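Colleague: Numbers given in my numbering equal positions in the sequence shown, counted from 1, plus 19.
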Amino acid sequence: MDHNQITKLTGNIFHDSPKLSVIDFSFNALTKIGSSDFQDIRLGPMVKSLSIFLKNNQITDINPEALTPTVPINLHLENNKISLISSIVFSVKEKSMIYLSKNQVGCVSDDVIEWLKVRNIAVDLKANPV
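(1) Give the straight-line distance between the Cα atoms of T79 and N122, rounded to the nearest whole angstrom.
(2) Going by DSSP in three states, S105 sits in which element: helix, strand or coil?
(3) Starting from L94, trace the alpha helix (DSSP H) both ways and give me its first and last residue.
(4) How is L135 classed by DSSP in three states: helix, strand or coil?
(5) Do you know how far the Cα of I71 is from the Cα of K114?
(6) Which residues share a DSSP beta bridge with D43?
(7) For A85, count neighbouring Cβ atoms within 10 angstroms of its own Cβ and tell me buried if that reaches 16, exposed if not.
(8) Take S128 and list the residues in its own chain whose beta-carbon comes closer than 7 Å to its own, dropping the five residues that flank it on each side.
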């Protein structure tokens, strides 16, 4: 679903796609990720991680309830308009990786840094004003 002009994700778009391990909505026109946008993802028993590509959109906000996978997630949010990362960081499973290069992150609070350490979550913040 990459390289389209998708502006919004709606619920139940994944219900007929069991065993997903990669989702790619890069190079679209998404501005936010709502609480139900990824709720119907069903991971197969052999899936050890989930990769979600949302690169090169116009995303400013991600609802923390949108990202509640049962496995570690590789979340690609490069080149969007995200300024706050706490809702993203606090919603992913331990051992996840969040790619946030080329966004608008200006600061990272101490509680977010501590959470990253405790949960072993890696974050790429290259090319941000932080």
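By construction, the Cβ of each residue, glycine as well, lies at the ideal position given by its N, Cα and C atoms. The structure displayed is predicted, hence computed values, not measured ones.
Modeller: This is what the structure gives:
(1) Here the question's residue 79 lines up with position 60 in the sequence shown. Here the question's residue 122 lines up with position 103 in the sequence shown. Rounded to the nearest whole angstrom, the C-alpha separation of T79 and N122 is 9 Å.
(2) Residue mapping note: residue 105 aligns to position 86 of the sequence shown, counting from 1. Reduced to three states, the DSSP call for S105 is helix.
(3) Here residue 94 corresponds to residue number 75 of the sequence shown, with the count starting at 1. Not the alpha helix (DSSP H): L94 falls in the beta strand (DSSP E), residues I92 to H95.
(4) Here residue 135 corresponds to residue number 116 of the sequence shown, with the count starting at 1. It is helical.
(5) Residue 114 sits at position 95 when you count from the first residue of the sequence shown. Residue 71 sits at position 52 when you count from the first residue of the sequence shown. Roughly 15 Å between the two C-alpha positions.
(6) Within the sequence shown, residue 43 is the residue found at index 24, counting from 1. Its beta-bridge partners are F72.
(7) The residue given as residue 85 occupies position 66 in the sequence shown. A85 is buried by the Cβ-count criterion.
(8) The residue given as residue 128 occupies position 109 in the sequence shown. Excluding sequence neighbours, S128 sits near S105.
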